[in-house]
Every structure is written in C-alpha cells, then in structure tokens.
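Chains as they are written, first to last, in the working numbering: chain A, 115 to 950; chain B, 36 to 404. Beta carbons: idealized from backbone N, C-alpha and C, even for Gly.
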C-alpha cells in the first residue's frame, strides 16, 4: 500500500514538521513494514511555473512537422517565446512551463536553445515530462476543477500540480487488511504519534431499507450490501488534478471520473466499491453463488466459466460481476454513462480468496477482501463516493437508498488481564491493558470473576475492521505492539543441562571434517532427479533407486523428481567446475535421498485442535518413505598434480575406495570390499563396501562406467563413491577399547604367494590372518608382481607379517610355525608360496 | 708388545735419542695438519700413530734397555705419544666439524618450494556456519533436532496454524509431492521439526533445528529455491517474549560480536505475538545512517539488517502438538543460513552457494567461519 503523507494528514492530525522518515520510524515501531519513503516530485527541480499562452503561430517545417511558435506569459514583464510541438491548446490556455535552469525527470535539463529557427526560452510540459503519469498525447492544459482556484501565470507550478509529497510504501501483512487504506494507516499513524484521528467512515450502517435500487442477498458469503444511485452525471467532466495525483501517488492509474472516484474512496476507506451503469442493469441485483454452467465476461475482456462456489453479483440477465474480484463488461461504466448504481458490500474473505485463486485473477478489490474488509464501512463509503460524484460530475443522489443485510457482530473473547504480562515478560497492569486496547477500538468490559485470575478477566470485542483479533494471544500481541517490544528487558532463559550433539550428529560432522582434511571438497547441489538420469546411469528396472517421488509442480521439467542418488548432482558440479577450468576435483556431498513407499500412501491430515493419535502420526511417516542420508564423492583429474617432487597421480578408483575407508575410520568403523558389478560403475572396477563387523552392504566405490562418463559429459576414468551414511554411522562403536601394549620384540616374516588373477587380495589376507592365529600382529600387502616366474593368468602377492606375543619373546620355532600355518591357510585359494 | 731383549745395545736404540723422538712428533703433527678429510686423517693416523708407526716401533725398543735408561726412554716416548694423540684428536675435531659444515651447506634446500601433503579439501561455508550456530546453542544446553525434508502437509502447515487457504500453501510457494492428494510437501521451513519435537518429547524443550528447506521461489543472486534455515524452539513453564529477546541478543553477540537485535511486530501463523528480527549492523553500528561520507556495505547504510522471524508459539500450535498451553508457553525463531552467510561473510551471489564451484567451498579456510 502506497500512502501519500499529505493524504494521511487528512485523517491524522500529524505535527506539521513531522517528516516522512520520522513517520516511517514511528510506524515501523508499531509493527508496520515500511519498505520505502519516496520523495515524490524530487526529480522536478528549478523554475517550473504556470504560463498563459498569449499567442502562437503554426509553422510547417521541411521535415513535415508542424510546430507552434508561442508567446507565453510566465508572470514576467515580457512574455517568453517558446517552441511547442503539441497541437492540443488554444490561445488563453494555462500551461506548465519549465524555464531554463529547470531539471525534469530523467535528468532532463532545460536551457534556452535554438530550434526550428527560433530560440525557445523554456518548454511547455506534458504530464509525462513532469513525472505525472503516462500522458504524452499533448501538453498539460490546466483547468480549474470545481472548488479549485484558477492558477496565475508566473505562479510556482509545483503546488498547483501537487508535485511535492512523500509516499510511504508499506508491506501489509495478511492479518492487517485494514492497513490497506488511508483510514487504517492514518489510525496507526495517529496512534503512533499520539495525535487525533478523524475517521473518514463517518456514519454507521443503518437498519435495512429498500427504497433504492432493488438488491437481494442469497448467499451467506455476503453479509451486507449498500446500493446508492447517482443520476444526471456529466460524462465529459475530467477528474480534478488532486484526484488524479493522489491515485497516481498511491500507485493507481487514473481512468475516468467515475472510476477514479470509486478507487479514491477504496484507497481512503478500504471499502472496495463497484459502479454499474444504471441503464445496463435489468431487475434486482442479487449476491448469490454462481450456478452450474454460468459464464461471465469480466472487465479484462476474459470469458470465465463460473464455478458453483464462486460468489457472483447477478441481475435478470445473469451474472454481471465476480463479487469483490472484478465486474462484468456488460454493465461497465462508459464514456456515455449518466447514471450509476454504487455497490458497497461485505463479502466473505475465504470465498473470495478461493475465487481469486481459481480464476487466477487478483485485483485491488480482491486483495482487500481476502484480507478482510470492515463490513461496517460500506454505507459511509458509498455515501462518500456519491458526494464526490455530485460535487465533481454534477450528478444528484437519489434519496431512495438500499441497504440489505446487517453488519456481523465480532465475537467476544475472554482475556485474562494478566496474560499480556505473563507472555510479554514486562509489567503491564490491567488498567494499561484496558487503555491500550480501547485506544485501537476494542470494546473492553470486565469479564466474569474467576478465582484463577488475580487481575481479573476482561471481555473484549474487536472493532469490525479487526477480524485478526480472535484469540487471547492476538490481544497479547496487540498490547505488546502498543507497549513496544523495545521496552521489554531481554532475559536469557536457563535451559536444563544438555547432552551436546547426539552420537550420530558428531559422527556426521567427523566424516565431513575427515573428508575435507584428506582433500575432498564439500559442495551442495539441488536434490532433484529424473528417470532420464537413472537411465543414463544404467540403473536397472528393479533397482531401489527407481522408486522416485515426483513433484506436482517441479521447478524444472527436466528434473521433476526427488533424487535417489547423490551422484548426478555431483556430476553436474563436476562439469560446472571443468567448464570453469577447474579440472582436478574431489567433490563430496552428504544429504538425503528420497525413496517412494512401495505403494503410494496418503499422509493423514487430522484435526488441529488436539494432538493426533499415534496411528495417524505413524501413517504420516509411512507415507513419506525412506529418506536416508548418503555420502557421495566424485573424483576426476589429478589427485596429486605433477610438480617438482614428481609426476602427477591421476585420481582413480583407489582414492574413491580410500575415501570410503577414511569415512569409516572417522567414525571408528571399518569396511570390507568385494568386487561387484553395479551401475553406474565400471563392471571390473567396482567395490561393494560392507561393514566389517556385520557384513551389511553400505555402498559402492570405484571407477565409473565409460558410457556413464560419456553420457554425463565427465572426463574419462572419473571415479566415484556412494554410501549410506546413516548405516555407517549407526554401526560406529559406542565406546572404543584400548588394548595393552606388548614391549617384547616383533618378529617379521615376508611371504610371497602366487594365486590366480581372479583371487582377491583381501581374501588372501583374510586367510593369512585366520591361519596365523593370535600371535599375528598385522598383515600388510607390499607388492603385486606379474611376470614369467608367476605364469600366465597368475599374480604374486607379497605380504609382510608381524608377530608378537604379549608377555614374552617369541622363539624362532614359534614364528616359523605361525607363518607356515598362515601360508597353509591360503592353499584353499589355490595359493602357492614362492620360495626363490 | 715384545718382551725385554737383552741382545740390544742400549746406546743404539731410538728411544734414547731425544731428537729422533721429537722428529717423530713433528712429522705426525705435520701429517695430521695436512689431512683435510676423515679418510686422509685415517691414513695419517695409521702412518704416525698406528701399530707400525715409528713411535710405536720406538716404544717397542724400550723393553730392551737397562732399568735406568728404560725409565728415561719410557718417559720420553710416552710424552711423545701423548703429544701425537692430542694432535690427532684436535685435528679430528676440526676435520669432522669442517666436514659437517660442508655437508650441511651442501644439503641446503629452497624452503619456499611449494609443498603439500595432498589435495586441499574444504567444508562448505553453509555447513560450517550451521555447525557454528549449533555450537552456540549447544553451549547453552540446547540440543539439535532434525527431521525429514519430504514432509507431511499436516506437520508443515496444519499443525502450525496455517489455515487451509493460507497463501503460503499455494503452488507458488510450496513444492508439492505427488501423487495428487497424498498430502506430502517438501518442507517450506524447518518448523515441522519443531512440531515433531513437541509431539515426541515432554517439555522443557530447548532445541535448534538446522536443515534444508524448499520454496518454489525465483533463482537469482538473492534467492534460491533450495536453501537452509536454522530455527530455535523453547517450550517451558513461564517462557516470555523477554526470554526470546535475551536469546536473540545472545545469539547475535555470539555470531557477530558487538551488536544486538530489535524486534518489529509482524505476522506469522505459528507465532503470536510475531516479530521480525533485525540485527544492529555489526560493522558500522548504525553510524552510516544518514552519513553518505561513511557508507556501509554490510547494512547498505540502513543501520539494521533484516535477519529472521520470531515470536511466541501460538497456543493453537502447542495444542495441535500435544502441549498444554495452560501449563507451558514457548518461543520460536528462525533465520536463513544463506542470507546470514551473505551479510556475515560478504558473499555476493547466492547462486555460488549451490552451484558447486570448488572455489566457493574453499572460501572459508580452516576454522575461519
């Protein structure tokens, strides 16, 4: 809502020296969000005066343009010669002249300059050149509207044009519909500055009367409807400058006198009005629900199929308007209209909100109705509009008027007088509560006495324009706002002793920190995905990752679903980096993936007046499906770049696996690996990762399939890891064990074992461990060798074994026996010890 | 060593000749001085102090002398051997020191060469900032609560006093998850975690809820449809707006140093009273307002920075979540993490936070937040 300060002064007796900025500060403290304070007219500077055209000579020029060489009285001894291109004025007309030295909007500097063979000593201005609207069809001709004094040549044009003003642009929250009006904002301004407020809604809605245009209410969504008829309008009368300027400052476009008056009254009172051409109405005007199959062509020239839950205004011809949203084209006021019926009605907020949304049609009127219009304002607003039409358009108000329905009485709320103090945490006694609420129009009465309320109970009834005051806490907020939140002394509440982060939270932080410490870079990506992506990954039809949740209104048609794997998001991040010349990458992300439930389930929406039962809560969770947190890493380019210390080490499957082990180690757990074929990895270079303790599969790591790299535009041999972080973290031991340290000497034995290429090194190591028994301290693979000695399809694996006993020095015989037993255990894998 | 040999003529043996013995000392000392390496010194030692050196041979002759002559000669040769050994030791020390110095000089490296244990990793600034906030509240005894991002409409809206036709529910703001009518949404705030906490725990509740949230918002320098929030919730006996103010001030000081907050009344369905939280600019402390000579980039010379929303938990929300509003009251607040990062760390474009450019992730190094 844009509110010119001059207009607010009409209703609030603000101090004369109060600036717009000061008023803004006061309103901000009272809880209004003032977005800007605009100085209207500030972009017009220097001498801009009223001039009278004394004489002009039309001159046709070689470029085909006709200009007028004018003599203009600007209140000086001699008239000035000014060239003007517009033809819409006559000798004797009053115009606006920007004299040399003036500066107009757009940094347009006026100087005496030679043009069309004359020296033009100023410029006669159009409305647009003055920043007064879009009109550039001709220059502004100043006419005095009814009640306005005729301007005088030489007079400063700024006050005549009402150029200077300050405009507050206020973002009105949905609970404060009454602030979408000068009336509401003026009341707040008066309250905030302690000044007097004069309500422009100056008369109550009377008892129903049916002496004017016939009206009927046939829907609960309309509570009260006033209709006044004004006849004998002169359709040629323009809107006076004060009216068009106000509308313009408030952000509305002037259209015609009748429409401008209706808009002005709406801005002023908050009551939307509709004006019908009386000659276009047929029979009784009815507010009713639309009927099946009814249609309406609205003012925006759109044919609309109506729904039975739409509230319409109809006459004998059928619907003539979408109530409170937009009127119909057939009964529109035109340039030939001489009689109007003014409608001022109260409509149900929710009904109109739904209609507005259904028809994707929002108007100044519907914005107000959706947020609540004061039902008691309609009668006064209709009279205000009628009076303006009589004054400005020469019409006369018919004495017979129509009022149907009654103003609903707002409900009374029981308010414990001590509640504001208890919730605000600052002293506010009963008298203060009563005084503050009364000041904003709340009717405050003593309530029934209650033993539990030492300060007593109040019965409070909000004014008709405050439908947001409903619960006791609403009144607490109102008191708090009036007291000022700034006056409340801050107190830090004392929480009971906490237990810190949970084990899972600490573990997830540890994984993130560890991966970053060893060289991976965390990124965040959008968690969306698609079937097409899964196809490109080569994910099989029965894979769990195919259980997609799909959005009803996705942000992008190419990613309409929620992700079931983090990898494609990281792939996008890789290509973004490589396109920016960042080629050596180890990106990681932790985050949720979303698996749809096996069967689509509906999350229940139980009533909100009490806690739902456990069954409903469980059904909600079931409907949401699994949302496990994953960890994924994608590697490409060089892990270590070539440098003075040596050649590059390209990123490969080895870092993908090593980072999985780092993640596991960060939470004190360990992983086993098995070769496996699993999309999107290279079938021969993919490790299945299992928890060492339980053998549960937690994820995969390795080099990506070359076709996947190609499909996602990744560099060849890009490697990746993805594992279920929640499962990894859940497997972390609660408490670590510290083993005793043996100070006896270690015995080292190396063994080289020749096995088939297909035998996994980890299996051989396992066999060695099993065979060696408890004296074995560690086993470590230190060489893999292939050559003539090993034979075709074979490889030699060399392991360093370390033996140590707890309480003694091992004998050579013991060590030999343990080593031989270790080697013997590998025989089942077909291993043969190399002895040369 | 040989035994006495009576066949010698004592007059002819070297140890009796003082000049000859002195010459041996001179020769040894000169040879040692000539040696410049441990290898050369070793050769000189063998030649002049070894078993076959002249002085060793002379020593051997002493046994053949008569007792009186033996005594003289023994003393003379002993002194000479002592002198030779002392010269050797002294030279040895010099040569070793010189050699060490040479070695150290030769082993000099350029310590300014680039070195790295491995590639440089990083925690994303958003993650780091969320951890920082969590730590501030954990230090006050609060706990960190989490919940699902794909959420039930009831928990995201209904329980939080969003009436069925509330504008925020409409398709413009909320991402709805199919099938139609399944009442599932991507959470539009982390407030459903608050609801879940109240539904599963008895007060007193002091929790912070960090997490990812979704809005069908535009995507530009200051908006992204996927972003992060941190919300706080307290439900306890006797909780007031004063406690909310105290918590916000403490939070602000912990995050920004010398600053405080102010509350401007506002409207949210789930709190009543509701307010916006502004932060007193922690860079200019308001000095830039109306002072064009000292403009402030952080607050755009407005003195206050819009930070988030807050309020007293609406009793309707407490009731829907099974908390008795007669017994308990509470407050809640929430901030956007991306927005906080923008004004706290001067990040200029929100898109950088979600596009995965490693340079952004590496912007905040180590424990610098």
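How is residue i classed by DSSP in three states: helix, strand or coil?
i	result
residue 36 of chain B	With a pLDDT of 44 at residue 36 of chain B, under the threshold of 50, the modelled position of that residue is not reliable, and the figure given next carries that caveat. Correct three-state label for residue 36 of chain B: coil.
residue 177 of chain B	coil
residue 240 of chain A	strand
residue 97 of chain B	helix
residue 185 of chain A	strand
residue 484 of chain A	helix
residue 664 of chain A	strand
residue 752 of chain A	strand
residue 378 of chain B	helix
residue 723 of chain A	coil
residue 121 of chain A	helix
residue 378 of chain A	helix
residue 168 of chain B	helix
residue 254 of chain B	coil
residue 193 of chain B	helix
residue 299 of chain B	strand
residue 332 of chain B	coil
Below 7 Å between beta carbons: does that hold for residue i and residue j?
i	j	result
residue 840 of chain A	residue 711 of chain A	no
residue 706 of chain A	residue 184 of chain B	yes
residue 665 of chain A	residue 210 of chain B	yes
residue 263 of chain B	residue 636 of chain A	no
residue 116 of chain A	residue 365 of chain A	yes
residue 387 of chain A	residue 458 of chain A	yes
residue 398 of chain A	residue 324 of chain A	no
residue 265 of chain A	residue 274 of chain A	yes
residue 218 of chain B	residue 471 of chain A	no
residue 224 of chain A	residue 212 of chain A	yes
residue 317 of chain B	residue 286 of chain B	no
residue 335 of chain A	residue 430 of chain A	no
residue 881 of chain A	residue 801 of chain A	no
residue 363 of chain A	residue 148 of chain A	no
Going by DSSP, which residues form a beta bridge with residue i?
i	result
residue 364 of chain B	B/271
residue 428 of chain A	A/400 and A/433
residue 244 of chain B	B/266
residue 744 of chain A	A/705 and A/838
residue 209 of chain A	A/165 and A/255
Would you grab the beta carbon distance between residue i and residue j for me? Rounded to a whole angstrom, and I think it's under 8 Å.
i	j	result
residue 662 of chain A	residue 681 of chain A	Between residue 681 of chain A and residue 662 of chain A the Cβ distance is about 15 Å, and since that is not below 8 Å, they are no contact.
residue 684 of chain A	residue 794 of chain A	With a Cβ gap of about 12 Å, residue 684 of chain A and residue 794 of chain A do not count as contacting.
residue 866 of chain A	residue 947 of chain A	7 Å
residue 937 of chain A	residue 846 of chain A	Incorrect: roughly 35 Å between the Cβ atoms, too far for contact.
residue 804 of chain A	residue 786 of chain A	5 Å
residue 371 of chain B	residue 348 of chain B	The pair is not a contact, with the Cβ atoms about 20 Å apart (cut-off 8 Å).
residue 933 of chain A	residue 871 of chain A	About 25 Å separates the two Cβ atoms, so there is no contact after all.
residue 700 of chain A	residue 747 of chain A	6 Å
residue 919 of chain A	residue 889 of chain A	6 Å
residue 311 of chain A	residue 304 of chain A	4 Å
* To do: Return the chain-ordered ranges of every beta strand (DSSP E) run that is complete within the region 301-338 of chain A and spans a minimum of 3 residues.
  => You should have 329-331.
* At which residue ranges does the region 46-84 of chain B contain complete alpha helix (DSSP H) runs of 4 or more residues, listed in the order of the chain? -> Taking 4 residues as the shortest admissible run, the region 46-84 of chain B contains the following complete alpha helix (DSSP H) segments, listed from N- to C-terminal end: 53-69 and 73-84.
* Using a Cβ-Cβ cut-off of less than 8 Å, list which residues of the region 633-659 of chain A approach chain E; keep chain order. => Absent from the structure: chain E. Protein chains present are A and B.
* In chain order, each beta strand (DSSP E) run of at least 3 residues that lies wholly inside the region 861-926 of chain A -> 861-870, 890-899 and 908-917
* Hey, which unbroken runs of the beta strand (DSSP E) at 3 residues or more fall wholly within the region 523-558 of chain A? -> 527-530
* Asked: Which runs of the alpha helix (DSSP H), 4 residues or longer, sit entirely within the region 567-631 of chain A?
  -> 586-597 and 617-631
* Whole runs of the beta strand (DSSP E) within the region 749-823 of chain A, excluding any shorter than 3 residues -> 752-754, 785-789, 795-805 and 811-818
* beta strand (DSSP E) runs contained entirely in the region 265-297 of chain A, provided each spans 3 or more residues -> 279-285
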